[in-house]
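S.K.: My numbering numbers the first residue of the sequence shown as 198 and each following residue consecutively. Positions of the beta carbon are idealized from the N, C-alpha and C atoms, including for glycine.
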Amino acid sequence: MGSSNQFDDTLTQLGTGKWNLLLIVSIMYWTMQLPCMFLGGSFLAPQVDHSCLLPEGAIPLLTNHSNTTQVSSCEYLMVGEDDSEEIRPCTRWIFDNSTFYSTLTSEFELVCDYKSLRPTYTGIYFIGACLSSSISGWLSDKYGRKRMMVIGAITYAVVGNCLSWLHNMSSILVFRFIVGLMHPMALHTAYTIVIETTEPRLRSVMGIMIFLPWAIAVMIWGAMGYLFRDWRWLMLVSTVPSLLFLPTLWFMDESPRWLIVQGQHDRAMKVLEKAARWNKATLPPRDQLLTMMQNIASENSKVSSGMKSEGFVSFLRTFVGEFTVLLRTRKMRARTLAIYFIYLTFGLVALGLSLGGEGFGSNPFIYMALSGLMEIPGATVTVPMIQYLGRRLSNIICLLMTGISLLALAIVPLNIGWLVMTLAMIGKMAISAANQIIHLHSSELFPTEVRDRGLGTSEMMAKLGSTLAPYLMDTLRTVWVSAPSVVCGVTGLLAAGVTFTLPETTNTALLDTVEALEETSSLSRKRNASSSPLHKQEDHVNTEEKIPLA
């Protein structure tokens, strides 16, 4: 029996009890704190109708846009004493406060020459998250899941609570960028711990259910936006609860799986013994556990041999090598690139739909609440789907639904409000389900040795898609109102096709090293996944193709 299977057997013996539930419930609570930042642009920096506040002696400037004559909100005409006319830019505006009493848009006048700062407020969070995703994954694989989670959560909570007190747009953007940097470090490392400490029979359920609070929080965010129309109060009441999560970090343990791979067997033994006490379970004999740990560590050492050498150049080679390991060999490269594209699709489509209320002519608060409501079936229906259909086919179905609904949305007139809303919500439900599935699927496709690096760089692609989304929604809509729906719909269909290239992972043991993945023959992988009739056999890889990290 392989070492991966032995460790999964140990998790099965530990079962699921107080030790697991403390971690799972805490992470689920933490997940609820993120949508207010993630979707902050929808209520904090929305598009607000405005008109130019004309100085004395000025007259409105008429412009023609899309064959419609309207008064310019950015320029006006000033008539001189000799009756000459001069076009001047507006410097003050009147904002429509019927929906929002105070926003970043109105307080800092993010219109006309400064209108790009609106999508920048949303996008800079994801720029930070994009930059952090790969680094946090590498740091988590290098220095531990819990350590990175603690740093990320504390910084996220403290800096986030400072945002409502700032009175300068530049400082707001800097602080929001920092919060974005902490998002992957605080959440995705925590998710990895849950996956690595959950017994196999519940891994798929926990991998999906841990994000259910996100959907609930999106609904709450819609209600909070309705109740608090001033952006400072809204930011304050939505960030203070994140501070309540911090004390739970004291009681959490490092992932024993990571400790074993790193050769820290004494620490891993203490964590497993604590888990057994809390869960009232019985562990295998200590010598048997140590033998298993040594086997896993020896597999890892084969891959890591030759990495330790002195000198700055050697350090740089090691650093670059540990990142490029995801792309260096055929099986690993094929998996990584496919997962990257699917994550990019999710980031683009999911945020685009979440921010799409104003573009679809909907009440922004109702749209946000319904958007969150649609994520609940996305986080629950997927559980029986992946149990009976497997990860791959379930994700293909969800991505196809996303693409078809968004392409249909592009040809439906906006004045048929109920149909527009229905198609948008179907797309939101489907892409939310796809997100849950690909997180679980990819966590099982990446070996333990590089799991956080793989998930981290995948999340980087998702954040890249999310960074593009607000600019896409703002810019393409001015050209053609349905252009964002067409782009997102086509991308969803392409992602469904890419998913066909990934192997099924239902009822297969988690691999611990890249070398184990590369040396696993197509025949043995087929045997391991024989219980899944939907498994697609991977291409045979030359087992002589090794994977040195340096």
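1. Whole angstroms is fine: what's the gap from Gln491's alpha carbon to Arg648's?
2. Counting only runs of 4+ residues fully inside the stretch 269-327, write out the alpha helix (DSSP H) ranges in chain order.
3. Between which two residues does the beta strand (DSSP E) holding His247 run?
4. Do Ala630 and Val580 have their C-beta atoms closer together than 8 angstroms?
5. Using a Cβ-Cβ cut-off of 7 angstroms (strictly less than) and excluding sequence neighbours within five positions of Thr542, which residues of its own chain qualify?
6. Give the straight-line distance between the Cα atoms of Leu707 and Phe204, rounded to the nearest whole angstrom.
7. Please give the ranges of any alpha helix (DSSP H) in the stretch 613-651, keeping only runs that are unbroken, at least 4 residues long and fully inside the region.
8. Between the Cα of Leu673 and the Cα atoms of Ala607, Arg373, His638, which residue gives the shortest distance?
9. For Asp484, does the three-state DSSP call read helix, strand or coil?
10. Hey, Ser435 and Cys233 are a contact pair by Cβ (cut 8 angstroms); roughly how many whole angstroms apart?
11. Whose CA, out of Gly404, Arg400, Tyr340, Ala412, lies closest to the CA of Met382?
12. Can you look up Ala478 in the DSSP assignment and give me helix, strand or coil?
13. Could you tell me the alpha carbon to alpha carbon distance between His636 and Ala627, rounded to whole angstroms?
14. Spatial neighbours of Gly254 within its chain, please: C-beta separation below 8 angstroms, excluding the five flanking residues on both sides.
15. Let me confirm a value: Gly614 is counted as buried when at least 16 other C-beta atoms fall within 10 Å, else exposed. Which label applies?
16. When burial is assigned at 16 or more other CB atoms within 10 Å of the CB, is Ser281 buried or exposed?
17. Alpha helix (DSSP H) containing Glu716: first to last residue?
18. What separation, rounded to the nearest whole angstrom, lies between the Cα atoms of Phe697 and Tyr585?
19. Among the residues of its own chain, which have a CB less than 6 angstroms from the CB of Leu603, if the five just before and after it don't count?
20. Assuming contact is defined by CB atoms lying nearer than 8 angstroms, are Thr445 and Ser591 in contact in what I supplied?
21. On the CB-based measure, 16 or more other CB atoms within 10 Å of its CB, does Asn217 come out buried or exposed?
22. Between which residues of its own chain and Phe323 is the CB-CB distance below 7 angstroms, once the five residues before and five after are set aside?
23. Please identify the residue among Cys327, Val458, Met449 whose C-alpha is closest to the C-alpha of Val468.
24. For Thr317 and Thr213, what's the separation of their Cα atoms in angstroms?
25. Less than 7 angstroms between C-beta atoms, sequence neighbours within five positions excluded: which residues of the same chain meet that for Thr300?
26. By how many angstroms is the C-alpha of Thr260 removed from the C-alpha of Pro700?
27. Entirely within the stretch 390-430 and at least 3 residues each: give me those beta strand (DSSP E) ranges in chain order.
28. Rounded to a whole number of angstroms, what is the C-alpha to C-alpha distance between Tyr298 and Phe374?
M.R.: So, from the data block:
1. 20 angstroms
2. Annotation note: the stretch 269-327 contains the following uninterrupted alpha helix (DSSP H) runs of length 4 or greater, listed N- to C-terminal: 301-304.
3. 247-249
4. no
5. Correct list, in chain order: Gly662, Thr688, Gly689, Ala692.
6. Spanning the two alpha carbons is a distance of roughly 9 angstroms.
7. 614-642, all fully within the stretch 613-651.
8. Among Ala607, Arg373, His638, the Cα nearest to that of Leu673 is on Ala607.
9. helix
10. 4 angstroms
11. With distances taken between Cα atoms, Met382 lies closest to Tyr340.
12. coil
13. 14 angstroms
14. Result list for Gly254: Met275, Val276, in chain order.
15. Gly614 comes out exposed.
16. Ser281 should be labelled exposed.
17. 711-716
18. 17 angstroms
19. Spatial neighbours of Leu603 in its own chain (CB-CB distance under 6 angstroms, excluding positions within 5 residues in sequence) are listed in chain order as Gly624, Ser682, Cys685, Gly686.
20. Cβ distance not < 8 angstroms, so Thr445 and Ser591 don't count as in contact.
21. Buried, by the Cβ-count rule.
22. Annotation for Phe323: Gly377, Lys660, Ser663, Thr664 place their beta carbon closer than 7 angstroms to its own, counting only its chain and skipping 5 residues before and after.
23. Met449
24. 43 angstroms
25. Around Thr300: Leu241, Ala242, Pro243, Val245, Trp428.
26. 56 angstroms
27. none
28. 25 angstroms
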